[in-house]
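Here the structure is laid out as structure tokens; the discussion comes afterwards.
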Amino acid sequence: MTVRVRIAPSPTGDPHVGTAYVGLFNWLYAKKHGGQFLLRIEDTDQVRSTPESERSIMRAMKWLDLAYDEGPDIGGPCGPYRQSERTEHYRKHTQLLLDKGAAYRCFCTDERLGLMRERQKAAKLPPGYDGLCRSLSKEESDRRAAAGEKFVVRMKIDKSGKTIVKDVLRGDIEFSHVEIDDQVLMKSDHFPTYHLANVVDDRLMGITHVLRAEEWISSTPKHVLLYEAFGWPAPVFCHLPLLRNADRTKISKRKNPTSLDWYRAQGYLPEALINFLALMGFAPAEGEGSEIFDRAQLMARFDLDKISLGGPVFDLTKLEWLNGEWIRRLPADVLAERIVAWIANDGPAELRASAPPLDFVKKVVPLIQERMKKLSEWDEWTDYFFKESVVLTKEAFRRAKLPPPQLAAVVTACADLLAPHGEIVPTRDEPALRELAGKLGVKVGDLFMALRVAITGKSATPPLLESMALLGAAKSVARLRAAAKFLAESDPGEL
RNA sequence: GGCCCUAUCGUCCAGCCUGGCUCAGGACAUCGCCCUCUCAAGGCGGAAACACGGGUUCAAAUCCCGUUAGGGUCACCA
24 MTVRVRIAPS
34 PTGDPHVGTA
44 YVGLFNWLYA
54 KKHGGQFLLR
64 IEDTDQVRST
74 PESERSIMRA
84 MKWLDLAYDE
94 GPDIGGPCGP
104 YRQSERTEHY
114 RKHTQLLLDK
124 GAAYRCFCTD
134 ERLGLMRERQ
144 KAAKLPPGYD
154 GLCRSLSKEE
164 SDRRAAAGEK
174 FVVRMKIDKS
184 GKTIVKDVLR
194 GDIEFSHVEI
204 DDQVLMKSDH
214 FPTYHLANVV
224 DDRLMGITHV
234 LRAEEWISST
244 PKHVLLYEAF
254 GWPAPVFCHL
264 PLLRNADRTK
274 ISKRKNPTSL
284 DWYRAQGYLP
294 EALINFLALM
304 GFAPAEGEGS
314 EIFDRAQLMA
324 RFDLDKISLG
334 GPVFDLTKLE
344 WLNGEWIRRL
354 PADVLAERIV
364 AWIANDGPAE
374 LRASAPPLDF
384 VKKVVPLIQE
394 RMKKLSEWDE
404 WTDYFFKESV
414 VLTKEAFRRA
424 KLPPPQLAAV
434 VTACADLLAP
444 HGEIVPTRDE
454 PALRELAGKL
464 GVKVGDLFMA
474 LRVAITGKSA
484 TPPLLESMAL
494 LGAAKSVARL
504 RAAAKFLAES
514 DPGEL
């Protein structure tokens with residue numbers, strides 16, 4: 024039997040990091056076993072589903088390279104892959120359940136249901152449908168439906184039994200039927216609920232393994248009962264732990280960035296996000312060595328029983344580190360291309376408007392590659408290359424630890440030394456500047472700090488001489504002169 | 001609250017199934033040192049955990065029970 028798994032997001036907002044997490048494990052499992060990975064859009068909530076959300080989900084899956092074998096945009100043998108286009112299947116299967124007596128129409132109004140819940144709450148009874156419409160005769164049910172009365176279809180649960188859910192990671196989980204509500208299967212708009220659509224589609228699409236989030240565990244007995252009612256074998260269930268906020272609640276928008284679009288806009292590499300998500304679930308390394316893994320390595324090491332069950336706290340700090348690792352591992356030219364593409368597609372508007380040319384980015388990349396943790400840091404590391412002049416502050420010069428008049432003299436001396444050259448040559452000019460520091464009686468570090476601030480406006484930058492070389496001798500010298508002027512006009516007592 | 005799931009350093013993960021080799025290993029973060037024109041990167045080192053209580057056993061992080069804690073779920077949302 025070939026493995027068929029799926030990811031079934033509902034298109035009701037930004038593409039969620041949890042979708043990527045569950046998607047990754049499904050993808051790994053499918054590919055490891057030579058099976059298929061499908062994307063099914065669960066848009067049965069007519070109020071909240073949007074086409075934009077669906078598009079952004081598919082775009083995010085492509086960004087992460089979690090390629091699906093079948094899906095709404097590429098089709099496949101079990102289509103359509105959008106539940107809103109499969110209503111005939113659900114209608115037919117609901118009728119089947121009705122005919123078998125495994126489900127019944129419920130004509131209760133929202134008002135009555137609301138009242139019922141209030142009373143249950145007041146009486147401290149477990150909430151759930153009270154079963155009023157269970158006893159309706161077939162004749163009455165048919166008559167009222169035919170008369171156009173609004174109804175939903177509910178699952179008829181035999182309250183005396185119990186159902187065992189077999190979970191790959193947790194073993195048998197037992198649920199007594201008294202805890203299982205007569206779940207709505209078909210809403211009054213004749214769209215199915217998740218429970219029905221999910222079971223029918225998984226069956227019709229030949230899904231063999233359901234790897235989904237842990238939050239589904241408590242509704243799984245309903246699904247198992249549905250498979251039984253239809254007379255179908257149930258797929259293998261495997262519930263994945265939920266990603267958590269720092270306070271250990273289920274990961275949420277308010278407490279964590281959850282949108283995959285945000286990660287892309289921040290300049291995280293898809294390779295790094297995937298690597299990170301994998302690390303949240305299992306340990307590919309068996310304890311030793313590197314934690315950097317590409318797709319092929321993950322696939323080779325992945326297995327369902329290696330998934331750890333504790334809900335992992337989503338730790339952005341570690342993701343940043345991993346992203347830096349991946350950035351450093353990229354060939355310099357590739358990084359340059361990624362940066363240019365990121366600016367063009369995801370960069371802030373101002374940056375897009377004055378996007379640097381690829382060949383210049385390629386020259387800058389060697390200076391920043393090991394410093395950069397995210398592509399979005401491009402601008403803060405390199406802005407001084409693109410400005411006509413740099414903003415100088417006394418605050419920035421303070422790290423050179425010399426009074427302004429002396430600083431001015433040092434900067435001027437450096438400018439004089441470099442001015443005759445048409446270009447800056449680090450191997451020649453750096454030793455010359457060191458020697459100059461000795462002659463002037465200042466520390467080498469202080470001299471370079473003074474230059475650094477004069478050239479870039481800040482005290483933490485990529486390598487100085489290389490930066491000046493790229494900037495060009497003329498601009499460099501001009502900035503030194505400007506700095507000397509600024510310093511000469513500063514309060515002489517200022518440290 | 002009922003039901004269900006989970007429980008090793010601040011965080012992620014290993015060890016647990018097949019008890020002893022573990023006064024528990026790796027990674028991120030953190031602290032210190034080295035390297036160094038800054039910032040990084042890199043190297044070296046430090047601090048840091050088996051939730052608690054009972055069993056079982058010659059021996060338990062590892063097996064069993066309970067407690068506690070955290071989480072999920074109880075919709076005509078998925």
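First residue of the first sequence: 24, per the numbering used here; consecutive thereafter.
Just so it is clear, CB atoms sit at the ideal spot from N, CA and C, and this is done for glycine as well.
On a predicted model such as this, the values are computed, not experimentally measured, just so you know.
Between the CA atoms of E348 and A505 - distance to the nearest angstrom
38 angstroms
Between A438 and G480, how many whole angstroms is the CB-CB distance? I'm expecting something under 8 angstroms.
Contact doesn't hold; Cβ gap of about 16 angstroms is too wide.
Excluding the 5 residues preceding and the 5 following R475 in the sequence, name in chain order all residues of the same chain whose CB lies nearer than 7 angstroms to its CB.
S482, T484 and L487
Nearest-angstrom Cα distance between F509 and V414?
Roughly 10 angstroms between the two C-alpha positions.
Do R421 and G334 come within 8 angstroms of each other at the CB atom, strictly closer than that value?
no
DSSP on F260, reduced to helix/strand/coil?
strand
Could you compute how far the alpha carbon of A269 sits from the alpha carbon of V336?
6 angstroms
So Y286 is in the beta strand (DSSP E); what residue range does that whole segment cover?
Looking at the DSSP string, Y286 is not in any beta strand (DSSP E); the run it does join, the alpha helix (DSSP H), is L283 to A288.
Cβ-Cβ distance between E75 and D66 below 8 angstroms
no
Are the beta-carbon atoms belonging to G290 and L358 less than 8 angstroms from one another?
no
Which whole runs of the beta strand (DSSP E) in the region 101 to 181 are 3 residues long or more, in chain order?
126 to 129 and 175 to 178
Would you grab the beta carbon distance between F198 and K185 for me? Rounded to a whole angstrom, and I think it's under 8 angstroms.
6 angstroms
I187: buried (16+ other C-beta within 10 angstroms of its C-beta) or exposed?
exposed
Distance, Cα to Cα, L119 vs V176?
12 angstroms
Measure from the alpha carbon of H112 to the alpha carbon of each residue in R277, V222 and M322, then state which is nearest.
V222
Between I447 and S499, which are expected to be in contact by the criterion C-beta below 8 angstroms, what is the C-beta distance as a whole number of angstroms?
6 angstroms between Cβ atoms; contact.
Could you give the distance in angstroms between the alpha-carbon of L327 and the alpha-carbon of V26?
Roughly 13 angstroms separates the two Cα atoms.
Just reading off the beta strand (DSSP E) that G99 is part of, what are its end residues?
From DSSP, G99 is part of no beta strand (DSSP E); its letter is neither H nor E.
Could you tell me which of A126, L296 and D133 sits nearest to L159, measuring between CA atoms?
With distances taken between Cα atoms, L159 lies closest to A126.
Any contact between the region 375 to 393 and the region 300 to 317? By contact I mean 3 or more CB pairs, one from each, below 8 angstroms.
no
Taking three-plus beta-carbon pairs below 8 angstroms as touching, is the region 255 to 269 in contact with the region 141 to 154?
no
Tell me which residues share the same chain as A31 and place their Cβ nearer than 6 angstroms to its Cβ, disregarding the 5 neighbours each side in the sequence.
R63 and E65
Name, in chain order, the residues that DSSP records as bridge partners for A236.
Partner(s): L263.
Do you know offhand how far D284's Cα is from I230's?
29 angstroms
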